[in-house]
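J.: Going by our numbering, the first residue of the first sequence is number 2, and it counts up by one from there.
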Amino acid sequence: MNIEEKIVNVITQILTDKYGITADEGMVMIEIPKDNGNGDYSTNIAMRLTKVLKRRPQEIAEEVREELLKRLDFVDDIQIAGPGFINFWLRKDAMANIINTVIEKGDAYGHSDAGKGLKVLEEYVSANPTGPLHCGHARGACWGDSVARIMNAAGYECTREYYINDAGAQMLNLGKSLLGRYRELFGLDFEMPEDGYYGPDVIEIAKEIKEKDGEKYLNMPKEEAIEELREVGRELELNRIKKDLAYYRCSFDSWISEKWILSEGLVEDSIEKMKKMGLLYEKDGALWFESSKYGDDKDRVLVKSDGYYTYLTPDIANHIHKFDRGYELLVNIWGADHHGYIARMKAAMEALGYPRDNLQVDLCQMVRMIEDGKEVKMSKRTGNAITLRELIDDIGIDCARYFFLSKALDTHLDFDLTLARTQSNDNPVYYVQYAYARICSVLRQAPNGFHVQDFYGLLNDPKEIDLLKYISTFTDVVADCAINRTPNKICNYVQKLATYFHSFYGACKINDVNAPELSNERLALCEATRITLKNALNLLGVGAPEVMENKENNE
RNA sequence: GUCCAUGUAGCUCAGCUGGAUAGAGCAUCCGCCUUCUAAGCGGACGGUCGGGAGUUCGAAUCUCUCCAUGGACGCCA
């Protein structure tokens, strides 16, 4: 148990003993004041009690303070300040206990059971297998991946799933486009659909098919060829997507396809279910879902008058299937263009009896690529949208992921390619990685390594205390980021942790032959920092290099 | 028109489940390498938190309203 938790527990106990109040979770809050003059920790509990007790906050604070002084053995002083804050100053050695906690837990430092094993299914990327992933997908991809890493660290059981949209008109279009490109390779007359796929990937795949199958598709009826090429194209495009995602360090536990859902009869089942529940009606030859009764703007068509399903219909079956598999919380990361779609899916889930909030949709806003202050819409090489692969070949995986993850998902993102390319202090990802490499260097240079001690009594420089305190908040930060699905806050954490370390490094000589005891304690602090930083970077899927290449060599 | 975001320093953004004097990076300026990685550190400058009203011990944070920007509003996917 860390110091914050201890304080929270004692305060909670005091509320019960003294005022007969059972504190809800989140009632007692402990924070680290921005200003060191306000103590090492602080709580606003006295102010929060004013409404309940109908008394002045200062009076309450004074009473709580007296109780705290009796019950806490690791505090040096407690004072009341301002409108009723209770501020704590800790004994100098109390803070340093975090070092051994971190070292003992190692890779697991930062983990918690905040999620209480809740089974979560996170669906993300889910791009149609009709072409390569582009920069917009790149944002949602690393975001979803990082959210899953964070949730799993915080005690959720998060499964990552990719919904392959492979049953619609888009796929037919791919088949047609492939046939066109394929015939082109033989020098035959060919036609490309007006809204076909003109990217280089289709030409490359057509070549692959030609090499493998020769003239096979020339010797069959056109419709048949399109159908077969659609299937072959789906596999090859999907393999490319899988490869890109893996390279980008985005992993998936499950790939589920729209076609599979259809072939299993899940769509008929869900329509049948909704019919029985009286949620559907027929009008103008189509089958409608009365979603407007569940918060949607208007009702939605499930089966068109031509007999085909709308996009929504198999996706409802998909979501039912998720709940049926025992997932308690569904998280979807959707492009902002799917905004209007949220209300209908939530309506469908609610109508079917699933609590509305068990489906959470996080929207990924648009990404604009900026180069030298101007928007670049197209890749110079291909003339098409810039692909994920091009982006990471250009700036590197660490950099791409960090840039996307550092901004809240629902804000428009201007991605500064020029900045991302700079290997200098302008570039925030290097700042953090440099701190990590620096720590490793310091640890390497310790003449005899270091050993863990039972107590660390010599760490009392303000820079050391700041660093210790900040390390101790990591577990709470991870839990908070998991609950709110905000990897960008891990980026903030990592920046700040690096700053505290650099600052400590500048102020304190770590390897000092004239002060071996102090050196040992400082090295232990370095090790705790290193572990924390590495774990944090791992949650982002960003590398922690032990050596930073020299800047000049990178020109 | 309806719905949803967003609006914070010159720029890019944190902070938003109400807390103390609103933060960081970049840019600008001033210091610090004979010393463990200067891709670093310390400091200065920079603000009507889009405008207005309200809620209360307290508002960048919550409510209302107005303004601005972006997106979504299909028997497309």
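C-beta: ideal position from N, C-alpha, C; glycine also. All values derive from a computational prediction rather than experimental measurement.
If you count every other CB in all the chains shown that lies within 10 Å of the CB of A170, and 16 or more means buried, which is it?
T.: A170 should be labelled exposed.
J.: Would you identify the three-state DSSP class for Q446, choosing helix, strand or coil?
T.: Residue state, collapsed to three classes: coil.
J.: Per DSSP, what kind of secondary structure is F451 in: helix, strand or coil?
T.: Note: F451 maps to coil in three-state DSSP.
J.: Rounded to a whole number of angstroms, what is the C-alpha to C-alpha distance between D245 and I466?
T.: Roughly 43 Å between the two C-alpha positions.
J.: In whole angstroms, give me the CA-to-CA distance for G544 and H138.
T.: So the two alpha carbons sit approximately 21 Å from each other.
J.: Just to confirm the assignment, what range does the beta strand (DSSP E) spanning G197 have?
T.: First-last for G197: undefined, no H or E at that position.
J.: Buried or exposed for V548, please, with buried defined as at least 16 other CB atoms from any protein chain shown within 10 angstroms of its CB.
T.: V548 is exposed by the Cβ-count criterion.
J.: Using only alpha-carbon positions, find the residue among E291, E351, E228 and A447 that is nearest to L175.
T.: Nearest option by C-alpha distance: E228.
J.: How about I371 and F416: are their beta carbons less than 8 Å apart?
T.: In this structure, F416 lies closer than 8 Å to I371 by Cβ.
J.: Out of G354, N98, K323 and Y312, point me to the one whose CA is closest to Y342's CA.
T.: Closest option to Y342, Cα to Cα, is Y312.
J.: Where does A115 fall in DSSP's three states?
T.: Coil.
J.: Would the stretch 65–82 and the stretch 448–465 be scored as touching if the rule is three or more Cβ pairs under 8 Å?
T.: With a cut-off of 8 Å, the stretch 448–465 and the stretch 65–82 do not count as touching, because too few Cβ pairs lie within range.
J.: Taking 8 Å as the threshold, find out whether the stretch 383–397 comes into contact with the stretch 524–542 through three or more Cβ pairs.
T.: No contact exists between the stretch 383–397 and the stretch 524–542.
J.: Ordered along the chain, which non-local residues of its own chain (more than five positions away) have a Cβ less than 6 Å from that of N129?
T.: Around N129: N166 and Q171.
J.: Using the three-state DSSP reduction, which class does Q80 fall into: helix, strand or coil?
T.: Strand, per DSSP.
J.: Taking the beta carbon of S252 as the centre, do at least 16 other beta carbons fall within 10 Å, making it buried, or is it exposed?
T.: By the neighbour-count rule (16 or more Cβ atoms within 10 Å), S252 is not buried but exposed.
J.: Roughly how many whole angstroms lie between the Cα atoms of V368 and S293?
T.: Cα to Cα, V368 sits roughly 32 Å from S293.
J.: By how many angstroms is the C-alpha of I99 removed from the C-alpha of N3?
T.: Near 7 Å, if we compare the C-alpha coordinates of I99 and N3.
J.: Pick out whichever of K243, N493, W335 and R531 has its Cα sitting closest to the Cα of Y506.
T.: Here the closest residue by C-alpha is R531.
J.: How would you label T314, buried or exposed, when you count the other beta carbons within 10 angstroms and need 16 or more for buried?
T.: T314 comes out buried.
J.: Taking the beta carbon of N10 as the centre, do at least 16 other beta carbons fall within 10 Å, making it buried, or is it exposed?
T.: Burial call: exposed.
J.: Look up K375 in the DSSP assignment and say whether it is helix, strand or coil.
T.: DSSP places K375 in strand when its eight states are reduced to three.
J.: Could you give the DSSP three-state label for H503: helix, strand or coil?
T.: Residue state, collapsed to three classes: helix.
J.: Could you give the residue range of the beta strand (DSSP E) that holds Q361?
T.: L360 to C365 is the extent of the beta strand (DSSP E) around Q361.
J.: Just the C-alpha distance for Q454 and P517, rounded to the nearest angstrom, thanks.
T.: For Q454 and P517, the distance between alpha carbons rounds to 13 Å.
J.: In whole angstroms, give me the CA-to-CA distance for E205 and E351.
T.: For E205 and E351, the distance between alpha carbons rounds to 45 Å.
J.: Between the alpha carbons of W289 and E124, how many angstroms are there, rounded?
T.: Approximately 26 Å, taken between the alpha carbons.
J.: If we ignore side chains and look at the alpha-carbon of each, how far apart do L16 and L54 end up?
T.: About 11 Å.
J.: Would you say I61 and G85 are within 8 Å of each other, going by their C-beta atoms?
T.: In this structure, G85 lies closer than 8 Å to I61 by Cβ.
J.: Pull up the distance between the alpha-carbon of G118 and that of S178, whole angstroms please.
T.: Their Cα atoms are separated by approximately 46 Å.
J.: Got a sec? Which residues, its chain only, sit under 8 Å from R402 by beta carbon, not counting five neighbours each side?
T.: If we look at R402 and ignore the five residues flanking it on each side, its Cβ neighbours are C143, S147, Y249, R250, L541, G542 and V543.
J.: Under the three-state reduction of DSSP, which class applies to V304: helix, strand or coil?
T.: DSSP places V304 in strand when its eight states are reduced to three.
J.: Consult DSSP for Y560 and reduce its assignment to one of helix, strand or coil.
T.: Here the chain comprises residues numbered 2 to 556, so residue 560 is not present and cannot be evaluated.
J.: Give the secondary structure of S264 by DSSP, where H, G and I count as helix, E and B as strand, and everything else as coil.
T.: Three-state DSSP puts S264 in a helix.
J.: Classify E416 as helix, strand or coil using the three-state DSSP reduction.
T.: Reading off the sequence, residue 416 comes out as Phe, not Glu. Looking at F416 - three-state DSSP - the assignment turns out to be strand.
J.: What residue range is occupied by the uninterrupted beta strand (DSSP E) comprising G336?
T.: Here the beta strand (DSSP E) through G336 covers L330 to G336.
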